[in-house]
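Note sheet for the following structure.
Residue numbers (the working numbering), protein chains in the order written: chain A, 1 to 84; chain B, 85 to 168.
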């Protein structure tokens, strides 16, 4: 018997007003490769966590605390948490 | 009137057998911060694209071509494409 666990997926993206040079570089590179119809690109991080937990609400609260403390720089980044 | 457009979201993650030192570093840092119930962490990229397109199937095929050519290193990475 395995321990109960939940999976969490966190998306960390730069906030909308913040310049994203990495995304812009990708957009430019796609144009160079012939992909002309790309109007904008934003690049961010996705972090998948396996949690030893059974309570979805508690797990979401804990992952949000992880985001505030470590996973996201909330001055310039926004994050979303999904529990699966 | 604005031009028609679709949004695509691409997830690029290391394949399951591939060591993820960045995710392991995050797991260790979370433990140091007192988040003890984290069994595994995998970190990847998320890329959001605004496309000047109306045909969802054609857009998905184009984004998959972008993944194969530029966005993912398919030797070690897997990707998923969502069109919204």
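Glycine included, C-beta positions come from ideal geometry on N, C-alpha and C.
None of the values given here were measured: they were computed from a predicted structure.
Listed along chain B, the residues sitting closer than 7 Å to residue 11/A by beta-carbon distance are 130. Within the same chain, and ignoring the five residues on either side of residue 84/A in sequence, the residues whose Cβ sits closer than 6 Å to its Cβ are 7. Secondary-structure assignment with DSSP links residue 8/A through a beta bridge to 49/A and 83/A.
Beta-carbon to beta-carbon, residue 13/A and residue 42/A are separated by about 6 Å, close enough to satisfy the 8 Å threshold. Where residue 115/B is concerned, the enclosing alpha helix (DSSP H) starts and stops at 105 to 116.
In summary, residue 11/A is buried, with 16 or more beta-carbon neighbours lying within 10 Å of its beta-carbon over all protein chains present. Taking C-alpha positions only, residue 5/A is separated from residue 110/B by approximately 18 Å. For residue 15/A, no CB of chain B lies under 9 Å from its own CB, so it is not counted at the interface with that chain. Taking C-beta atoms as the reference points, residue 145/B and residue 38/A fail to come closer than 9 Å. Contact check for residue 153/B against residue 33/A passes: the beta carbons are separated by less than 9 Å. Residue 60/A: member of the alpha helix (DSSP H) spanning 56 to 66, first to last residue. Around the Cβ of residue 131/B, a 10 Å sphere holds 16 or more other Cβ atoms; the residue is buried. Around the Cβ of residue 165/B, a 10 Å sphere holds 16 or more other Cβ atoms; the residue is buried. Counting C-beta atoms within 10 angstroms of its own C-beta, residue 141/B has fewer than 16 neighbours from the protein chains shown and is therefore classed as exposed. DSSP, read as helix, strand or coil, puts residue 15/A in coil.
Note that the C-beta distance between residue 124/B and residue 107/B is below 9 Å.
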